[in-house]
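Using full-length UniProt numbering, the first residue of the sequence shown is number 1, and each one after it goes up by one. Structure first, commentary second.
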Amino acid sequence: MALIVLAFIGEITGFALLTPPLAASMALIAGCPNLPLSQPRNVIGGQLLSAIVGCAVGVVSHSVWALAIAGGLALGVMLAARAAHSPAAATAILGAVIPSGQLTFILCAGIAAAILVLIGAISAKISTTKYPIYWW
1 MALIVLAFIG EITGFALLTP PLAASMALIA GCPNLPLSQP RNVIGGQLLS
51 AIVGCAVGVV SHSVWALAIA GGLALGVMLA ARAAHSPAAA TAILGAVIPS
101 GQLTFILCAG IAAAILVLIG AISAKISTTK YPIYWW
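What follows is the structure, given as C-alpha cells:
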C-alpha cells in the first residue's frame, strides 16, 4: 500500500517519489520492523543524507567512478550520523546520476521516506506489529 501511495502522490504532483531504493526501504519497514535499519531515524536520515551526498558528487561528475564514490561516501556519512540504511546507498547513486534538479531530488527522497515511515507506523497501529521501536 505504501508504494501505491508514493506512486499516486507522484502522479498527482509530477515528482518521482517512487524509486527502487524507496521500495527497498519499505521492504525493510514492513518485513523487518525491529531492525535498526528500519527505524525512522535510519530510513529518513539515511535517505536524506544519501540524496545530499549523491547530488553533491553528481555536481562534480556523472562517471561510473563518481557513482561508486557516491555510494561509498554516503555509507560513510550515514555511519558517522548513526543513520545507516542500506537502501539509501542506492539513493546516492541516483542522486549522482541526475543531470539537474538536485534540490528537488533531495526533497522528494526525504518526503517519500517520511511517508513510508508514517504508513509503517499507521499499519503497525492496525496490526499487532510494533513499529517504530524508537523514533530517534
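Glycine included, C-beta positions come from ideal geometry on N, C-alpha and C. Keep in mind it's a predicted model, so treat the numbers as computed, not measured.
Member of the options whose CA lies at the smallest distance from the CA of residue i
i	options	result
Q39	I126, I93, R82	R82
I29	I119, I126, K125, W136	I119
A2	L18, C55, I12	L18
L67	A80, I133, I126, S50	S50
I9	K125, L116, W136, G54	L116
residue 152	V64, W65, A70	An answer regarding residue 152 cannot be provided, because it is not within the stretch 1 to 136 covered by the chain.
L6	I111, A121, W136, I126	I111
V59	L37, M78, V97	V97
W136	P99, A84, G54	A84
G101	I52, A27, K125	I52
Sequence-distant residues of the same chain with beta carbon closer than 6 Å to residue i, five excluded per side
i	result
Q47	A88, T91, A109, A113
Element boundaries [alpha helix (DSSP H), containing residue i]
i	result
A68	64-80
Counted within 10 angstroms of its Cβ, other Cβ atoms place residue i as buried (16 or more) or exposed
i	result
N42	buried
Y131	buried
I44	buried
L35	exposed
F105	buried
I93	buried
L22	buried
L79	exposed
Spatial neighbours of residue i in its chain, beta-carbon cut-off 8 Å, leaving aside the 5 residues before and after
i	result
T129	P33, S123
A24	S86, P87, A90
Cβ neighbours of residue i in the same chain (closer than 7 Å, five flanking residues each side left out)
i	result
Y134	Q39
Every unbroken alpha helix (DSSP H) inside the UniProt domain "HPP transmembrane region" (2-132) [4 residues or more]
Runs found: 2-13, 20-31, 40-60, 64-80, 87-97, 102-126.
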